[in-house]
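To start, the structure under review is shown below, and the notes come after it.
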Amino acid sequence: MQGLTRTPKVFDALIPLVFLIVLLVLNIKVFGTDGLSGSNQIVLILSSAVAAIVAVGRLGFNWETLQDGIVKSISSAMSSILILFLIGALAGTWMISGIVPAMIYYGLQVLSPTIFLLAACFVSAVVSISTGSSWTTVATVGVALLGIGKALGFEEGIIAGAIISGAYFGDKMSPLSDTTNLAPAMAGTDLFTHIRYMAKTTIPSISITLILFIVIGFNYETNGSVDDVKSISNVILERFNITGWVFIVPALVLFLIIRKVPAIPALLAGTLLGGVFALIFQPEIIHLIANEGGSYAYQGFKAIMMSLYGEVSVVTSNDVVNELLVTRGMGGMLNTIWLIICAMVFGGIMEVSGMLQVLAEAVIKKVHSVGSLIASTAATCIFFNITTSDQYLAILVPGRMYANVYKKRGLKPENLSRTLEDSGTVTSVLIPWNTCGATQASVLGVATLVYAPYCFFNIISPIMTILYGYLKIGITYYEEGELED
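Taking my numbering, I'd label the letters of the sequence shown as residues 8 to 492.
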């Protein structure tokens, strides 16, 4: 039985939040980019314990009430967790079927020395959309593009800016991306609604970015060879049966998205069809992954099952291609799902105790318009990217803080999910001590502050979403009666 409780003050709410921030800053110094492997999750659990102590000791809540809040919070993210599992499986079957390799192969064909920066951004976007990972894109194709661009005479900061701009565009717009699934989960909308709505700001942002790279690119005299790109293309062509027929699968998934089929059945259809196409078009890959004798049906069953649940890799003569052609199946999503569950525990306690609400209200008191609300959300995301050094937390915490505020203002959750990605996902790579900024600087060998000025897409995105808010462009409101439903 819940006893008398008191409304938390801002000081009460800041205790677990400051504890979280301090511990995360310490965590990043100790574990660096390995934080997602478990230490960030433990920090969230410890912060949840502090939040629970404040809720019970200072505010008068009992544990049963907090536990109910935790269960409700985790339940709200279950559909996203299922989607993440399916995304891991889909990435596996799309790799062994040749879908992802074909996307990369055809994407690399557009490279031309005269429009290298535009092409680098475009290729990075294609690869990132197909893999759902900006990190994988930068660490593989990005590294190759950097070497080519330097050979052509471009400054490394400009090349890295083009690569990162394209990679983060693809990461934002890909249904395979964990952040693209995380943002709608925190806001309370579905994946495909989020992607469709996000396109309203993302397409203009990437369009401006591409124009800027065209202008910069034509100011350089390009000369040299693109043999490295040809080498990557040839290796992919040697290992896989590259054919346009495999694009039937992503086309079907795109069709289902347009027809507003729910994410889970749409992704499941794409996953299973990817396995079928692997059997039809990639017998050599099936033999390679199965790695044992028996009938083709037996080998096919084993290879597809392995791609669905665990790590599979296709080994070639090129190290860059080897790193790109690795998928981890459902198992590869476990760390992200672990992080989500731990974050939802923290968010559940903060929400049911009223501490999230009092923090949000402290900010909202100075917010008097849709534009200022979106600007405050964007600023909060950037603040958490700077203070917690983690893009996931820059989406998770503000998402939980502002969800009810947007609802009370009559704004549909896709307004929030879009803002979270436009400001939380893309700005993480601009901060040297953030896990994203540190990783990309290390992988490319280009200091964060050197490439940051040329990451036009990452800089324009939060400005675009704030501009849309103030101009009331693309803002979706609840219709009368919807909130009651």
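All C-beta atoms in this analysis are idealised placements derived from N, C-alpha and C, irrespective of residue type, glycine included.
In this text the structure is predicted, and so the values were computed from the model without any measurement.
Rounded to the nearest whole angstrom, the CA to CA distance from alanine 276 to isoleucine 371 is 43 angstroms. Taking each of Gly452, Ala454, Asp429 and Ala56 in turn and checking the Cα distance to lysine 179, the smallest one comes out for Asp429. Lysine 237 and threonine 250 have their alpha carbons spaced roughly 18 angstroms apart.
For phenylalanine 38, the uninterrupted alpha helix (DSSP H) run begins and ends at 17-38, by DSSP.
Separation of leucine 315 and lysine 479 (C-alpha to C-alpha, rounded to the nearest whole angstrom) is 43 angstroms. When DSSP reads this structure, tyrosine 484 sits in a beta bridge with Leu418. Rounded to the nearest angstrom, the gap between the Cα atoms of alanine 192 and glutamate 421 is 10 angstroms.
Counting only runs of 4 or more residues that sit fully inside the stretch 318-349, the alpha helix (DSSP H) segments are 326-331, in chain order.
Alanine 206 is positioned such that its CB atom lies no closer than 8 angstroms to that of serine 424. Glycine 452 sits in coil when the DSSP states are folded into three classes, being neither helix nor strand. Within the stretch 43-82, the complete alpha helix (DSSP H) segments at least 4 residues long are 46-64, listed from N- to C-terminus. The straight-line gap separating the alpha-carbon atoms of leucine 31 and isoleucine 77 is approximately 21 angstroms. Taking C-beta atoms under 8 angstroms as the contact rule, leucine 427 and isoleucine 466 fail to qualify, at a distance of about 17 angstroms. Buried is the label assigned to leucine 24, since at least 16 other Cβ atoms lie within 10 Å of its Cβ. With a minimum length of 4 residues, the unbroken runs of alpha helix (DSSP H) contained wholly in the stretch 161-210 fall at 163-180 and 185-194.
The residue among Met313, Tyr409 and Ile90 with its C-alpha nearest the C-alpha of threonine 186 is Ile90. In the three-state reduction of the DSSP assignment, arginine 425 falls in the helix class, which pools H, G and I. By the criterion of a C-beta distance shorter than 7 angstroms, tyrosine 477 is surrounded in its chain by Gly378, once the five residues flanking it on both sides are discounted. Cα atoms of alanine 367 and glycine 224: separation of roughly 44 angstroms, rounded to the nearest angstrom. For valine 450, the closest alpha carbon among the candidates Ile88, Leu153 and Ala84 is that of Leu153.
Serine 302 and leucine 332 have their alpha carbons spaced roughly 25 angstroms apart. One thing to note: glycine 300 has its Cβ no nearer than 8 angstroms to the Cβ of glutamate 318. The shortest CA-to-CA distance from tyrosine 461 to any of Phe38, Thr72 and Leu124 is the one to Leu124. A Cβ-Cβ separation of about 5 angstroms places valine 352 in contact with serine 55 under the 8 angstroms criterion. Straight-line measurement puts the Cα of isoleucine 221 at about 7 angstroms from the Cα of isoleucine 122. With the rule of 3 Cβ pairs closer than 8 angstroms, the stretch 162-181 counts as touching the stretch 431-448.
A distance below 8 angstroms separates the beta carbons of glycine 281 and isoleucine 106.
In this structure, leucine 244 places its C-beta atom within 8 angstroms of the C-beta atom of tyrosine 112. Restricting attention to Val242, Lys267, Tyr227 and Ile287, the CA atom closest to the CA of valine 253 is found in Ile287. Of the candidates Gln447, Asn441, Ala448 and Tyr458, the residue whose Cα lies closest to the Cα of phenylalanine 38 is Asn441. Only residues of its own chain outside the window of five on either side were considered, and among them Ile249 and Val253 have a CB closer than 6 angstroms to the CB of alanine 109, listed in chain order. Across the structure, serine 376 and threonine 209 are spaced so that their CA atoms are roughly 22 angstroms apart. When the beta-carbon positions are compared, alanine 310 and isoleucine 22 stay at least 8 angstroms from each other. A residue is called buried when at least 16 other Cβ atoms come within 10 angstroms of its Cβ; methionine 85 does not meet this threshold and is exposed. If the five residues before and after methionine 337 are omitted, its C-beta is found closer than 7 angstroms to the C-beta atoms of Phe92, Gly95, Ala96, Leu315 and Tyr316, all from its own chain and listed in chain order.
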